[in-house]
Each structure stands twice: as C-alpha cells, then as structure tokens.
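With the first letter of the sequence shown counted as 1, position 23 gets the number 178 in my numbering; the numbers rise by one all the way through.
We treat Cβ as the ideally placed atom computed from N, Cα and C, and that holds for glycine.
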Amino acid sequence: TVLANAFHPELTGDLRWHRFFVQIVNDYKSCSG
C-alpha cells in the first residue's frame, strides 16, 4: 500500500490526515509481526 500526500496538512488544525497515517502505520506494524 502506498499513501502519497501532495499538500501540507500540518498547516491546518485538522488532525484527521495525521491520525489516518498513524493508523495505517500501526496496522502495518501489527500485521507484519
């Protein structure tokens, strides 16, 4: 799975993209053992 992001979500107060990215990483880590 590849996630590409072409804008800078850190420039806003909206943390949904950050949470989404962290969730993807955590899911990958739990599946890869």
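Residue from Thr156, Trp172, Ser187 whose Cα sits closest to the Cα of His163 = Trp172
DSSP three-state call for Phe175: helix, strand or coil?
-> helix
Between the CA atoms of Ile179 and Leu170 - distance to the nearest angstrom | 14 Å
Member of Phe176, Val157, Cys186 whose CA lies at the smallest distance from the CA of Glu165 | Cα-wise, what sits closest to Glu165 is Phe176.
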